[in-house]
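In the order they appear, the protein sequences are chains F and L.
Quick note: the first sequence uses numbering that gives the first Met the number 0, first residue 0, plus one each step.
Quick note: the second sequence uses numbering that gives the first Met the number 0, first residue 0, plus one each step.
Idealized CB from N, CA, C, for every residue including glycine.
To keep things clear, I will list the structure first and then write my remarks on it.
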Amino acid sequence: MSHSTQNDAHHGHDDVAHHIPVYWKVFWALIAGTIITVALYSVHFQSVAVTIAVAMFVASIKAFLVAGYFMHLLSERKMIYGILAATIFFLIGLMGLTIWGSHDQPTNTVTKTFYVP
Amino acid sequence: MDIPYTVKPRPDTGLYNAKVGIWLFLASEVMLFGALFSAYILLRVGALDGIWPEVKNAWPHGLLNIPIGTFNTAVLITSSVTVVFAWAALKMNNFARFRTCMVITIVCALGFLSIKSFEYNEKFTHYELRLKDGKAFTGHLEVNGKHPGFWDFSSIYNLARLTEEKVEKVKFVADPPQPKPGEKHEGKHEHASMEVATSDIVHLDAFIPRNHTFFAIYFLITALHGLHVLGGAIVLAWFTFPGKKMWLTDPERFTNRIEVGGLFWHFVDLVWIFLFPILYLL
């Protein structure tokens, strides 16, 4: 029995076969990214902020690779980009307001030491 | 009645409906995990300076096992690439390869969860101890010759329970001192065993959510992520075994189902890509 699944305009048979080596490259890049993240941890950066920034930078590259290649976001329809743009807008709002709000907190509000005699 | 646009793209969106649906769902998931990430950041920056457990409300460092976390990250990345290979195999009319890739994905998912549960157990059996003389330790507890905690929630002790059960003395095997932020475990790994009188204890509890905000947010986020892994694995397993009959009747729709399931799976991988450095390394 033969099946034809070449309905999708932007993912034909040959197109998909062409993508397999790309998926392998992305896979090895993700593994390398993980190793780099852990390796950077053993480098003692001066400040915690630098450590966080470096870790988030590597994580962002990995996230771009997964979203861009595995989730095919690099060649998607406008509708999906629209949904994602709205999501990113609200996510930045959510994160931004939370972090902004953290400065509005009196020092040590919830950090009284209950158990130290 | 047929569900519209399961295969053919809807003219106005240019997409089959399930794809719009899954992206809307993933958008809501981004907000769900985003809220928890921002809660984590708030708790992290709100923690007192200093080294936990000496400073009660400081942020604990080095409690999670980095090699295990790294291995689990690799397991999830592997499952992510096999799910995209499974979809590609269907696009190339190769059902056998699809099934092989899917089985690897599901095995990876179960492997991830098994490793995670091993890590959880390590936390349930680990204790924080504070004494009246101001000293604080982490380590393992022995009550009446038994090590409580192994996958048995009712066996977890705290000070109130010790008092209630009139336990006068416990044995405590203390860990070596905790590393500072950004440092690895260094020096001697001495595990000092000591007898502690219950009357000398001011605080005793396992590494569980009620004990510290770090454990609360750690268990909340990783358990929610774990539920996503479990849910995704169940759906993918259903597609691979009982759901495969659609491949014979409507292969294009089946392929689209795999793509949509795969998108969810990649999202679960994406969340872990951010969770791993935040929880294990920072």
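Query - Residues within the region 65-87 of chain F neighbouring chain L, beta-carbon criterion of under 9 Å - result: V65, A66, Y68, F69, M70, H71, E75, R76, K77, M78, I79, I82, L83, A85, T86 and I87
Requested in this report: Locate the beta strand (DSSP E) running through L:G138, then write down its first and last residues.
Outcome: Walking along the second sequence from the start, residue 138 of chain L turns up at place 139. Where L:G138 is concerned, the enclosing beta strand (DSSP E) stretches over A135 to E141.
Query raised in the report: Where does F:E75 fall in DSSP's three states?
Result: As a working note, residue 75 of chain F is residue 76 in the first sequence. Reduced to three states, the DSSP call for F:E75 is coil.
Query - Inter-stretch contact (C-beta, 8 Å, three-pair minimum) for the region 193-206 of chain L and the region 168-175 of chain L - result: yes
Requested in this report: Return the residue from the list L:A17, L:M0 and L:T12 that minimises the CA-CA distance to L:V283.
Outcome: Residue 283 of chain L falls outside the range modelled here, since chain L spans only 0 to 281, and no answer is possible.
Query raised in the report: With burial defined as no fewer than 16 other Cβ atoms inside 10 Å of the residue's Cβ, what is the status of L:L31: buried or exposed?
Result: Walking along the second sequence from the start, residue 31 of chain L turns up at place 32. Label assigned to L:L31: exposed.
Query raised in the report: Rounded C-beta distance between L:G231 and L:F263? I'm assuming under 8 Å.
Result: Position 232 of the second sequence holds residue 231 of chain L. Position 264 of the second sequence holds residue 263 of chain L. Contact flag correct, Cβ pair sits at about 6 Å.
Query raised in the report: What residues in its chain sit with their C-beta under 8 Å from that of L:F24, if we drop five residues either side in the sequence?
Result: For the purposes of this step, residue 24 of chain L is taken as residue 25 along the second sequence, with counting starting at 1. Closer than 8 Å at Cβ, skipping near neighbours: F263.
Query raised in the report: With 9 Å set as the bound, which would you pick, yes or no: does the beta-carbon of L:K331 sit closer than that to a beta-carbon of chain F?
Result: The structure shown does not extend to residue 331 of chain L, since chain L is modelled only from 0 through 281, so no value can be given for it.
Query raised in the report: Are the beta-carbon atoms of L:I207 and L:F213 separated by less than 9 Å?
Result: Here residue 207 of chain L corresponds to residue number 208 of the second sequence, with the count starting at 1. Here residue 213 of chain L corresponds to residue number 214 of the second sequence, with the count starting at 1. No, these two residues do not count as a Cβ contact at 9 Å.
Query raised in the report: In the structure shown, what three-state DSSP assignment does L:L14 receive?
Result: Within the second sequence, numbered from 1, the residue matching residue 14 of chain L stands at position 15. In this structure, L:L14 counts as coil in the three-state DSSP scheme.
Query raised in the report: From the DSSP output, which residues share a beta bridge with L:M193?
Result: Within the second sequence, the letter at position 194 stands for residue 193 of chain L. For L:M193, which the question treats as bridged, DSSP gives the partners L:F171.
Requested in this report: Give the single residue among L:G242, L:A85 and L:V166 whose Cα lies nearest to the Cα of L:K145.
Outcome: Your numbering for residue 145 of chain L matches position 146 in the second sequence. Considering only alpha carbons, the answer is L:V166.
Query - Contact with chain F by L:L14, beta-carbon distance below 9 Å - result: Taking the first residue of the second sequence as position 1, residue 14 of chain L is located at position 15. Output row for L:L14: interface = yes.
Query raised in the report: Using the beta-carbon count (16 or more within 10 Å), is F:W99 buried or exposed?
Result: Mapped onto the first sequence, residue 99 of chain F falls at position 100. Counting Cβ neighbours within 10 Å, F:W99 comes out exposed, since fewer than 16 surround it.
Requested in this report: May I ask you to list, following chain order, the residues of the region 81-93 of chain L that have a beta carbon less than 7 Å from some beta carbon of chain F?
Outcome: V83, F84, A87, L89, K90, M91 and N92
**Report entry** Where L:V201 falls: helix, strand or coil (DSSP)
**Finding:** To locate residue 201 of chain L, count along the second sequence from 1; it is residue 202. In the structure shown, L:V201 sits in a strand (DSSP, three-state: E or B).
Query raised in the report: Can you find a C-beta in chain F that's less than 9 Å from the C-beta of L:W22?
Result: To locate residue 22 of chain L, count along the second sequence from 1; it is residue 23. It does; some Cβ of chain F falls within 9 Å.
**Report entry** Validate contact between the region 131-143 of chain L and the region 102-116 of chain L using beta carbons, cut 8 Å, 3 pairs
**Finding:** no
Report task. With DSSP as the reference, label F:A66 as helix, strand or coil. Result -> The sequence position of residue 66 of chain F within the first sequence is 67, counting from 1. F:A66: helix per DSSP, three-state reduction.
Query raised in the report: Closer than 7 Å, Cβ to any Cβ of chain F: which residues of the region 242-271 of chain L, in chain order?
Result: Here the close residues are P250, E251, T254, L262, H265, D268 and L269.
Query raised in the report: Per DSSP, L:Y126 is paired with what?
Result: Within the second sequence, numbered from 1, the residue matching residue 126 of chain L stands at position 127. Answer is L:G138 and L:A205, bridged to L:Y126.
Query - Under 7 Å from the C-beta of L:T69: neighbouring residues of chain F - result: Position 70 of the second sequence holds residue 69 of chain L. What L:T69 touches in chain F: T33 and V37.
Query raised in the report: How would you label L:V44, buried or exposed, when you count the other beta carbons within 10 angstroms and need 16 or more for buried?
Result: Counted from its first residue, the second sequence places residue 44 of chain L at position 45. It counts as exposed.
Query raised in the report: Using a Cβ-Cβ cut-off of 6 Å (strictly less than) and excluding sequence neighbours within five positions of L:I294, which residues of its own chain qualify?
Result: In the structure as shown, chain L begins at 0 and stops at 281. Residue 294 of chain L is therefore absent and cannot be evaluated.
Query - Sheet register partners of L:D145 (DSSP bridge) - result: Position 146 of the second sequence, counted from the first residue, corresponds to residue 145 of chain L. Per the sequence presented here, residue 145 of chain L reads as Lys, with Asp not at that position. For L:K145, which the question treats as bridged, DSSP gives the partners L:V142.
**Report entry** C-alpha gap between F:A28 and L:S27, whole angstroms
**Finding:** As a first step, residue 28 of chain F must be located in the first sequence, where it is residue number 29. As a first step, residue 27 of chain L must be located in the second sequence, where it is residue number 28. Their Cα atoms are separated by approximately 28 Å.
Query raised in the report: Can you pull the DSSP bridge partners for F:A31?
Result: The sequence position of residue 31 of chain F within the first sequence is 32, counting from 1. F:A31 is not bridged to any residue.
Query raised in the report: What do you get for L:V74, buried or exposed, if any count of 16 or more other CB atoms within 10 angstroms of its CB means buried?
Result: In the second sequence, residue 74 of chain L corresponds to position 75, counting from 1. With 16 or more Cβ atoms within 10 Å of its Cβ, L:V74 is classed as buried.
Query raised in the report: Can you tell me where the alpha helix (DSSP H) with L:F70 in it begins and where it stops?
Result: In the second sequence, residue 70 of chain L corresponds to position 71, counting from 1. Per DSSP, L:F70 belongs to the alpha helix (DSSP H) from I65 to K90.
Query raised in the report: Does DSSP put F:A48 in a helix, in a strand, or in coil?
Result: Along the first sequence, one-based indexing puts residue 48 of chain F at 49. F:A48 falls in the helix class under three-state DSSP.
Query raised in the report: Just to check, is the beta-carbon of L:R96 closer than 8 Å to a non-hydrogen atom of the ligand MN?
Result: Within the structure as shown, the ligand MN is missing, as the structure has no ligands at all.
Report task. Closer than 7 Å, Cβ to Cβ, to anything on chain L: give me those residues from the region 15-28 of chain F, in chain order. Result -> The residues in question are V15, A16, H18, I19, Y22 and F26.
Requested in this report: Give a yes or no on contact between the region 19-28 of chain F and the region 81-94 of chain L, applying the rule of three or more CB pairs nearer than 8 Å.
Outcome: yes
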